[in-house]
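Chemist:
There are 2 protein chains.
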Amino acid sequence: MVDTTRLPAPHNAERPGTTPVIDPSVDTGPIKVAGDPTGPTIDLESLGRQLLGTWADLRVAARELTARPELQRIEGLSMAEHRTRVFEQLHLLADNGHVHRAFPTHLGGENDHGGNIAGFEELVTADPSLQIKAGVQWGLFGAAVLHLGTRPHHDAFLPDIMNLTVPGAFAMTEIGHGSDVASIGTTATYDPATEEFVIHTPFRAAWKDYLGNAANDGVAAVVFAQLITEGVNHGVHAFYVPIRDETGAFLPGIGGEDDGLKGGLNGIDNGRLHFDQVRIPRANLLNRYGDVAADGTYSSPIASPGRRFFTMLGTLVQGRVSLDGAATQASAVALTIAITYGSQRRQFTAASDTDEEVILDYQRHQRRLLPRLATTYAQTFAHDEFLVKFDEVFSGKADTDDDRQDLETLAAALKPLSTWHALDTLQEAREACGGAGFMAENRLTSLRADLDVYATFEGDNNVLLQLVAKRLLTDYSRKFATADAGALARYVVKQAADRAYHGTGLRRLTQTVADFGSTARSVGAFRETNVQRELLTDRVETMIADIATALRPAQRLPKAEAAALFNSQQNELIEAARAHAELLQWESFTRAVESTTHAGNKQVLTWLRDLFGLGLVEKRLAWYLVHGRLSAQRAQAISSYIDRLIARIRPHAVDLVDAFGYSQAHLRAPIVSGIEKERQDEARAYYRALRESGTAPAMEKTVKAGPKQ
Amino acid sequence: MVDTTRLPAPHNAERPGTTPVIDPSVDTGPIKVAGDPTGPTIDLESLGRQLLGTWADLRVAARELTARPELQRIEGLSMAEHRTRVFEQLHLLADNGHVHRAFPTHLGGENDHGGNIAGFEELVTADPSLQIKAGVQWGLFGAAVLHLGTRPHHDAFLPDIMNLTVPGAFAMTEIGHGSDVASIGTTATYDPATEEFVIHTPFRAAWKDYLGNAANDGVAAVVFAQLITEGVNHGVHAFYVPIRDETGAFLPGIGGEDDGLKGGLNGIDNGRLHFDQVRIPRANLLNRYGDVAADGTYSSPIASPGRRFFTMLGTLVQGRVSLDGAATQASAVALTIAITYGSQRRQFTAASDTDEEVILDYQRHQRRLLPRLATTYAQTFAHDEFLVKFDEVFSGKADTDDDRQDLETLAAALKPLSTWHALDTLQEAREACGGAGFMAENRLTSLRADLDVYATFEGDNNVLLQLVAKRLLTDYSRKFATADAGALARYVVKQAADRAYHGTGLRRLTQTVADFGSTARSVGAFRETNVQRELLTDRVETMIADIATALRPAQRLPKAEAAALFNSQQNELIEAARAHAELLQWESFTRAVESTTHAGNKQVLTWLRDLFGLGLVEKRLAWYLVHGRLSAQRAQAISSYIDRLIARIRPHAVDLVDAFGYSQAHLRAPIVSGIEKERQDEARAYYRALRESGTAPAMEKTVKAGPKQ
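Line order of the protein sequences matches chains V and C.
Reminder that position 512 of the first sequence reads as 512 in the numbering used here, one-by-one numbering, no gaps.
Reminder that position 676 of the second sequence reads as 676 in the numbering used here, one-by-one numbering, no gaps.
#1: Whose Cβ in chain C lies nearer than 8 Å to the Cβ of V:LEU369?
#2: Assuming contact is defined by CB atoms lying nearer than 9 Å, are V:TRP607 and V:ARG648 in contact in what I supplied?
#3: Using a Cβ-Cβ distance cut-off of 9 Å, determine whether V:VAL727 contacts chain C.
#4: For V:HIS274 and chain C, any beta-carbon pair shorter than 9 Å?
#5: Consult DSSP for C:VAL703 and reduce its assignment to one of helix, strand or coil.
#6: Distance, Cα to Cα, V:LEU506 vs V:ALA412?
#7: Tell me whether C:ARG244 sits in a helix, a strand or coil according to DSSP, three-state version.
#8: Nearest-angstrom Cα distance between V:MET1 and C:VAL617?
#9: Are V:GLU678 and C:ARG272 close, meaning C-beta to C-beta below 9 Å?
#10: Assuming V:THR409 contacts V:THR328 under a Cβ cut-off of 8 Å, what Cβ separation, rounded to an integer in Å, is found between them?
#11: Between V:GLU458 and chain C, is there a C-beta pair that is closer than 9 Å?
#12: Here's the rule I'm using: 16 or more other beta-carbon atoms within 10 Å means buried, otherwise exposed. How should V:ASN785 be labelled?
#13: Answer with yes or no whether the minimum CB distance from C:MET312 to chain V is below 9 Å.
#14: With a 10 Å radius around its C-beta and 16 neighbouring C-beta atoms as the bar for buried, classify V:ALA299 as buried or exposed.
#15: So if I threshold CB-CB distances at 7 Å, which residues from the stretch 210-235 of chain C count as touching chain V?
#16: Apart from the five residues on each side of it in sequence, which residues of its chain come closer than 6 Å, Cβ to Cβ, to C:ILE161?
#17: Where in the stretch 110-145 of chain V do unbroken runs of the beta strand (DSSP E), each at least 3 residues long, occur, reported from the N-terminal end onward?
#18: Given a cut-off of 9 Å on the beta-carbon distance, is the pair C:GLN347 and V:GLY178 in contact?
#19: Compare the C-alpha of V:PHE612 against each of V:ARG634, V:ALA330, V:ALA579 and V:GLN50 and name the closest.
#20: Measure from the alpha carbon of V:LYS397 to the alpha carbon of each residue in V:ASP450, V:ARG308 and V:ASP112, then state which is nearest.
#21: Return no unless some Cβ of chain C is closer than 9 Å to the Cβ of V:ARG679.
#22: Does the CB of V:HIS177 have a neighbour CB from chain C at under 9 Å?
#23: Report all residues from its chain with a CB closer than 7 Å to the CB of V:THR340; omit the five preceding and five following residues, and keep chain order.
#24: Which residues, in order along the stretch 321-349 of chain C, keep a beta-carbon less than 7 Å from a beta-carbon of chain A?
#25: Taking 9 Å as the cut-off, decide whether the C-beta atoms of C:ALA118 and C:ARG59 are in contact.
#26: If we ignore side chains and look at the alpha-carbon of each, how far apart do C:ARG691 and V:VAL145 end up?
#27: Of all the residues that make up the stretch 585-616 of chain V, which are near chain C by a beta-carbon distance shorter than 7 Å?
#28: C:TYR362 touches chain V at which residues, Cβ-Cβ below 8 Å?
#29: Under 8 Å between beta-carbons, which chain V residues line up against C:ASN287? List them in chain order, please.
#30: Name the residue from V:GLN427, V:GLU441, V:THR456 and V:LYS470 whose alpha carbon lies nearest to the alpha carbon of C:ALA455.
#31: Would you say V:GLU195 faces chain C, with C-beta separation under 9 Å as the test?
#32: Against chain V, with Cβ distances strictly below 9 Å, would C:ALA560 count as a contact?
#33: Of all the CB atoms in chain V, is at least one closer than 9 Å to the CB of C:ARG552?
#34: Based on the DSSP output, what are the partners of V:ALA221 in its beta bridges?
#35: Any idea which residues DSSP pairs V:LEU285 with across the strands?
#36: By a C-beta neighbour count over all protein chains shown, 10 Å radius and 16 as the cutoff for buried, is V:GLY435 buried or exposed?
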């Protein structure tokens with residue numbers, strides 16, 4: 001477990017209130033450059049362990065697995081070959097138990113939810129198709145049986161799911177309804193005469209679509225449908241439905257199509273399913289949250305249909321958890337490739353006549369890669385805490401309604417940012433490697449193509465952020481339903497900052513807004529943790545307060561006008577949710593810095609955290625200026641301080657990516673295999689020999705200038 | 001030709017100096033909504049012609065060609081199949097003369113440079129691989145013979161190049177040197193004894209790489225190498241080098257490798273070439289800008305080796321020109337798909353209990369797509385003017401050194417922005433179409449994968465922008481080499497704004513900075529053309545002036561320190577170049593608005609231009625605040641005015657993409673074929689029938705609430 005208590009601050013650390021105020025616009029000495037013996041040094045071993053996080057040993061073991069060529073992607077396979085290969089790889093995973101950790105111990109699992117996700121995430125470096133196909137089988141199809149079913153379902157279905165005797169689809173999404181699951185059209189109507197449910201697709205838009213395992217391999221499916229019994233629709237429930245016979249043919253009443261080629265993840269056989277009055281036994285209703293008796297009577301442990309629906313969906317949050325981790329790993333791989341290459345590749349002579357510059361020494365190249373490295377660090381630390389939270393909920397250690405709601409809000413906040421960040425980082429890394437980055441062998445384009453869909457599956461990123469914003473608004477309105485606008489300024493934090501993950505709702509200022517304003521305007525102290533916290537927290541707070549104020553008239557408006565008013569704030573709402581998520585990441589990064597004991601690591605991580613935090617402020621600088629939180633002078637100082645931070649971090653860039661711990665077997669990009677340096681050494685030796693031989697041709701320019709001019 | 005003279009302003013147009021000042025923060029009336037009969041209407045016919053631009057008829061004809069299935073991409077082909085197909089398609093293009101317009105009339109061409117590029121750009125909607133492979137053959141390999149060779153080369157080589165008897169590679173880039181062409185390692189040493197050049201690859205890093213036609217199809221290549229004669233290196237020159245015999249085997253001394261699979265463009269056989277003392281006749285030097293006599297004497301019409309090099313490279317600018325156009329077309333296709341789908345797809349009931357909202361009615365969805373539409377319009381207009389400029393230079397109509405330099409600066413400014421915009425827009429469109437956007441059949445992922453490399457080939461985008469910035473700095477320092485900082489404030493425009501494209505260097509304010517400051521602070525007038533122009537111009541001016549000031553000490557520093565100082569400004573330099581390029585786009589858009597005569601079109605285009613211009617200001621709002629150009633209050637008004645503009649444009653969104661003029665044969669995305677609407681109509685009919693039948697199940701919530709609660 002991560003130690004979330006504050007460690008005693010070492011002598012060189014910043015302590016709130018006691019840190020001397022330093023003006024970042026004043027140059028406090030020469031920038032530490034590569035090889036400067038007076039600069040901090042990184043201890044790779046301990047930084048590496050810190051990045052591996054709570055399930056470090058398990059991740060190390062998983063990386064031994066993903067280093068095995070038989071689990072790795074081969075670029076350029078046809079879709080059919082890739083699907084076959086991935087399905088075979090799934091059998092390897094089933095055979096070695098890598099994917100069984102979350103299942104009950106009495107069935108051979110380990111009931112280890114956090115460890116299961118940690119191991120699962122690591123598969124992304126082998127092949128994202130392998131990861132997601134495994135996710136469909138054990139994380140969606142299997143997990144639905146586990147979490148929505150009860151003991152008889154576990155005993156009947158899970159063994160064959162675990163060992164892949166029964167590959168299955170997770171049939172939730174329909175062509176007509178993706179994000180709005182509650183509105184799916186498929187029906188499951190109970191027939192008491194035969195004690196069966198009749199699964200039916202009433203129209204084309206209700207075809208299930210984009211389902212992994214549906215096109216070829218699926219033998220069964222968990223089908224989500226509107227449960228209707230005794231003339232009442234009880235909302236969406238899940239049903240276990242066999243779909244193919246032993247020859248691979250669809251069972252009677254079931255049809256489907258292959259989704260065919262996709263933008264990525266072509267090792268997965270996504271497809272469509274539809275049902276024509278397909279009868280299944282009553283017992284095939286996964287009945288943990290809703291059941292139908294033989295006579296058709298419906299019952300549920302959760303009275304409210306709305307709450308029941310969200311509880312059921314909430315059990316499937318692990319998809320979002322794991323995407324957050326996998327996307328962060330893909331970003332780390334991309335930056336390891338681009339920063340390693342950038343530290344070896346040379347282009348243009350700038351500072352001398354003979355030696356070309358290493359491209360990572362160009363300021364623009366640093367600006368392209370190092371802030372993304374800082375974000376990837378923030379995400380790595382945030383993800384580990386997120387996974388701990390997930391594990392606490394699913395292991396039952398901390399499993400109240402509030403815990404579950406917090407977990408879902410956290411998932412809805414972090415998954416969008418990390419999946420978008422992965423796409424952005426993979427693309428920047430690709431461009432930073434030039435033409436070589438576009439070669440499939442260097443993996444960046446292929447990873448990007450595969451991860452593209454991470455932004456919209458398991459919850460569309462924009463829809464998820466809107467959920468977060470609604471939660472923030474709810475928290476806000478609970479506090480201020482009747483209060484005046486000035487109340488916010490008097491609103492003081494109820495929770496200690498270091499327990500922030502305990503509740504993930506609306507963040508609170510550690511000081512009042514009024515106090516904060518004057519703090520920020522005092523002589524610059526951007527490197528002070530509390531100043532960064534306040535800048536980031538204040539923005540979330542204020543945005544939500546402003547939106548809440550704008551939305552206040554909605555209560556008195558007819559539905560259509562209220563909807564129009566809400567819609568007029570939608571973009572701002574989503575931006576507020578993003579600001580909240582960024583704050584969560586910053587808080588995790590800060591806790592990680594605070595728990596770091598090695599002085600060199602702590603110094604470099606502090607710079608990197610500052611780069612992340614101040615980078616967020618720089619991106620939203622207009623907001624801080626417009627709202628009077630920063631003066632123009634101070635705002636300019638932020639950018640120049642960021643330049644300074646980047647220059648300080650530059651000498652540690654290679655260490656910082658090495659600390660992610662990927663070997664050549666995980667990177668598998670020839671440009672970082674050492675051949676770039678080898679080629680340059682050969683070229684430089686050639687020119688040196690040529691100069692020394694005295695046979696080198698003179699340059700026209702030199703000849704024209706003559707010996708003395 | 002575009003009419004670049006100012007049309008008389010119609011009664012409702014804004015005229016500089018006479019426009020009433022309107023405060024945009026004041027609501028001036030209800031927003032026009034879809035179907036509002038009092039709102040403007042678009043005349044699709046005339047808007048469509050305007051977007052097609054100067055070579056409208058030629059583009060229409062080219063689109064008939066690209067609508068032919070045999071020229072279109074088939075998704076999911078293997079690399080080998082795709083290569084074969086594209087090579088066959090190239091023969092179709094050669095046979096119908098589509099790609100011969102730029103070649104000399106005496107060889108069957110039309111000596112039509114602008115028209116050639118216009119027709120070439122249209123190929124992107126058929127298959128980017130087809131486009132780029134055609135570009136390699138006729139736009140690089142053929143164009144190098146045309147522009148760097150002389151009449152004997154034309155007569156000897158061009159006929160077989162034009163008819164594809166001799167497919168060829170353009171062998172410039174080496175593994176070790178991409179952006180820095182001057183530093184390539186390949187040598188061409190003249191041997192007067194045999195009157196031959198000896199082409200040689202001295203080390204591994206000097207292998208030519210990423211060359212289209214090199215892996216399979218190339219029979220010859222134009223090879224760039226350091227020309228060495230009589231012991232002097234005269235710099236990079238181009239040589240015509242046969243590489244394969246009639247059996248397809250490499251000729252003696254020549255070797256190569258296949259680049260294999262790439263992130264996209266897999267219909268092109270990119271590969272590597274290397275040369276071991278390969279002898280070619282003296283006459284194979286493409287000798288327009290540098291020649292070697294039989295005895296080895298070197299001569300050139302351009303004395304300066306540096307100017308000679310840039311002149312030679314400058315003849316190849318058409319690659320950048322065409323990428324700007326092709327990338328803009330890809331953006332237009334992406335937005336046509338996403339906006340059409342967004343206007344048909346429904347999700348979530350917000351405003352009523354039964355009808356789901358069209359997703360383009362959500363504010364966030366509008367914010368994602370409509371500003372990108374505005375940028376695509378700006379690029380479309382800017383590209384047409386760019387192409388006119390290109391045509392004037394290459395037809396000899398306006399072909400001074402200054403014209404050529406302006407053209408290159410324009411290319412270096414516009415190509416980065418439009419290629420990045422295409423990637424960004426294709427991705428946003430993909431996500432805006434959800435899972436359907438990820439299906440290869442809907443083309444967004446495949447177009448994105450293909451266009452990825454547009455950001456780094458034909459000049460890395462960051463390197464190009466740095467070139468632009470250096471030009472801006474040169475312009476600036478010529479004016480202010482000895483002036484004090486106050487000089488800028490007294491610097492008044494020398495060129496009329498409507499002749500902006502005549503020179504593409506540093507933009508000038510139409511008023512002094514001092515005047516401008518007070519203008520911007522007066523009551524809001526963001527919709528006034530001159531206010532937008534001044535805001536955008538001022539930023540470029542000031543950024544360049546600030547950088548120039550920061551760099552001034554460099555003249556007195558040793559080379560390494562001067563390089564470090566320059567490097568400390570590199571990021572800001574590139575941002576200044578981007579601001580300059582955005583201003584160029586805005587100016588083109590403004591001229592297009594001004595030349596529009598149809599009142600409805602003019603109104604909607606004005607809104608769209610305002611969205612583009614104010615969107616640029618909003619993105620850089622912090623700069624305007626920090627530099628005192630906008631007050632906090634005015635800055636906030638910009639965002640709310642943008643919200644208002646987007647709401648006004650929304651009802652015209654579908655017209656605005658329809659005006660791009662792509663048919664289903666060009667879009668080829670099933671999601672915009674009408675099936676989405678068909679499925680929804682079927683679903684709604686089903687529910688309507690169910691409600692009317694009286695057999696619809698009651699909702700649990702309703703049942704529980706009871707009849708009266």
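Positions of the beta carbon are idealized from the N, C-alpha and C atoms, including for glycine.
Modeler: Inspection of the coordinates gives the following:
#1: Along the first sequence, read from residue 1 onward, the residue named residue 369 of chain V stands at position 369. Those do not exist, as V:LEU369 stays about 12 Å from chain C at its closest Cβ, beyond 8 Å.
#2: Mapped onto the first sequence, residue 607 of chain V falls at position 607. Mapped onto the first sequence, residue 648 of chain V falls at position 648. Cβ atoms of V:TRP607 and V:ARG648: closer than 9 Å.
#3: Residue 727 of chain V is absent from the structure shown; chain V starts at 1 and stops at 709.
#4: Counting from 1 along the first sequence, the entry for residue 274 of chain V is found at position 274. Output row for V:HIS274: interface = no.
#5: Position 703 of the second sequence holds residue 703 of chain C. Assignment of C:VAL703 by DSSP, reduced to helix, strand and coil, places it in the helix class.
#6: Translated into the one-based positions of the first sequence, residue 506 of chain V becomes position 506. Translated into the one-based positions of the first sequence, residue 412 of chain V becomes position 412. Low confidence applies here, because V:LEU506 scores a pLDDT of 48, under 50, leaving its location unreliable; read the following figure in that light. The C-alpha of V:LEU506 lies about 14 Å from the C-alpha of V:ALA412.
#7: Here residue 244 of chain C refers to the residue found at position 244 when the second sequence is read from its first residue. C:ARG244: strand per DSSP, three-state reduction.
#8: For the purposes of this step, residue 1 of chain V is taken as the residue at position 1 of the first sequence. For the purposes of this step, residue 617 of chain C is taken as the residue at position 617 of the second sequence. Low local confidence applies: a pLDDT of 34 at V:MET1 is under 50, so the model's placement there is unreliable, with the coordinate-based value given in what follows. The alpha-carbon atoms of V:MET1 and C:VAL617 are separated by roughly 47 Å.
#9: Locating residue 678 of chain V in the first sequence gives position 678, where the first residue counts as 1. Locating residue 272 of chain C in the second sequence gives position 272, where the first residue counts as 1. With respect to C:ARG272, V:GLU678 sits apart: the two C-beta atoms are not nearer than 9 Å.
#10: Position 409 of the first sequence, counted from the start, is the residue given in the question as residue 409 of chain V. Position 328 of the first sequence, counted from the start, is the residue given in the question as residue 328 of chain V. With a beta-carbon spacing of about 19 Å, V:THR409 and V:THR328 fall beyond the 8 Å limit used to define contacts.
#11: Within the first sequence, residue 458 of chain V is the residue found at index 458, counting from 1. Residue contact check for V:GLU458 against chain C: no CB pair falls below 9 Å.
#12: Chain V is shown from 1 up to 709; residue 785 of chain V falls before or after that span and cannot be answered.
#13: Working through the second sequence from its first residue, we reach residue 312 of chain C at position 312. No, its Cβ sits nowhere closer than 9 Å to a Cβ of chain V.
#14: Taking the first sequence and counting its residues from 1, one reaches residue 299 of chain V at position 299. Residue identity differs from the one stated: residue 299 of chain V is Ser in this sequence, not Ala. Classification of V:SER299: exposed, given that the 10 Å Cβ count is below 16.
#15: Within the stretch 210-235 of chain C, the residues whose Cβ lies closer than 7 Å to some Cβ of chain V are TYR210, ILE228, GLY231, VAL232, ASN233, HIS234 and GLY235, listed in chain order.
#16: The sequence position of residue 161 of chain C within the second sequence is 161, counting from 1. Cβ within range, chain order: GLY142.
#17: None, since the stretch 110-145 of chain V contains no complete beta strand (DSSP E) of that length.
#18: Position 347 of the second sequence, counted from the first residue, corresponds to residue 347 of chain C. Position 178 of the first sequence, counted from the first residue, corresponds to residue 178 of chain V. Yes, the pair counts as a contact, with Cβ atoms nearer than the cut-off.
#19: The residue given as residue 612 of chain V occupies position 612 in the first sequence. The shortest C-alpha separation from V:PHE612 is found at V:ALA579.
#20: Stepping through the first sequence from its first residue, residue 397 of chain V is reached at position 397. Measuring from the Cα of V:LYS397, the nearest candidate turns out to be V:ASP112.
#21: Here residue 679 of chain V corresponds to residue number 679 of the first sequence, with the count starting at 1. It does: the Cβ of V:ARG679 has a partner Cβ on chain C nearer than 9 Å.
#22: Translated into the one-based positions of the first sequence, residue 177 of chain V becomes position 177. Yes, V:HIS177 counts as interfacial toward chain C.
#23: The count along the first sequence starts at 1 and reaches residue 340 of chain V at position 340. For V:THR340, same chain residues with a beta-carbon under 7 Å away, outside a window of 5 residues either side, are VAL654, VAL657 and VAL672 in chain order.
#24: As a matter of chain content, chain A is missing from the structure shown, whose protein chains are V and C.
#25: Indexing the second sequence from 1 puts residue 118 of chain C at position 118. Indexing the second sequence from 1 puts residue 59 of chain C at position 59. Yes, the Cβ-Cβ distance between C:ALA118 and C:ARG59 is below 9 Å.
#26: Position 691 of the second sequence, counting from 1, holds the residue named residue 691 of chain C. Position 145 of the first sequence, counting from 1, holds the residue named residue 145 of chain V. Cα to Cα, C:ARG691 sits roughly 34 Å from V:VAL145.
#27: Of all residues in the stretch 585-616 of chain V, none places a beta-carbon less than 7 Å from a beta-carbon of chain C.
#28: Within the second sequence, residue 362 of chain C is the residue found at index 362, counting from 1. Chain-order list of chain V residues neighbouring C:TYR362: ASN567 and GLN570, by C-beta distance under 8 Å.
#29: As a position in the second sequence, residue 287 of chain C is number 287, starting the count at 1. None at all; the shortest Cβ gap to chain V is about 16 Å.
#30: Taking the first residue of the second sequence as 1, we reach residue 455 of chain C at position 455. Measuring from the Cα of C:ALA455, the nearest candidate turns out to be V:GLN427.
#31: As a first step, residue 195 of chain V must be located in the first sequence, where it is residue number 195. Between V:GLU195 and chain C, the shortest Cβ-Cβ separation is not below 9 Å.
#32: Taking the second sequence and counting its residues from 1, one reaches residue 560 of chain C at position 560. Judged by the 9 Å Cβ criterion, C:ALA560 is in contact with chain V.
#33: The residue labelled residue 552 of chain C in the question sits at position 552 within the second sequence. Put simply, the CB of C:ARG552 is far from chain V, with every gap to its CB atoms at 9 Å or more.
#34: For the purposes of this step, residue 221 of chain V is taken as the residue at position 221 of the first sequence. In DSSP, V:ALA221 forms a bridge with V:ALA169 and V:VAL241.
#35: Numbered from 1 along the first sequence, position 285 holds the residue referred to as residue 285 of chain V. DSSP lists V:PHE239 as the bridge partner or partners of V:LEU285.
#36: By 1-based counting over the first sequence, the position of residue 435 of chain V is 435. V:GLY435 comes out buried.
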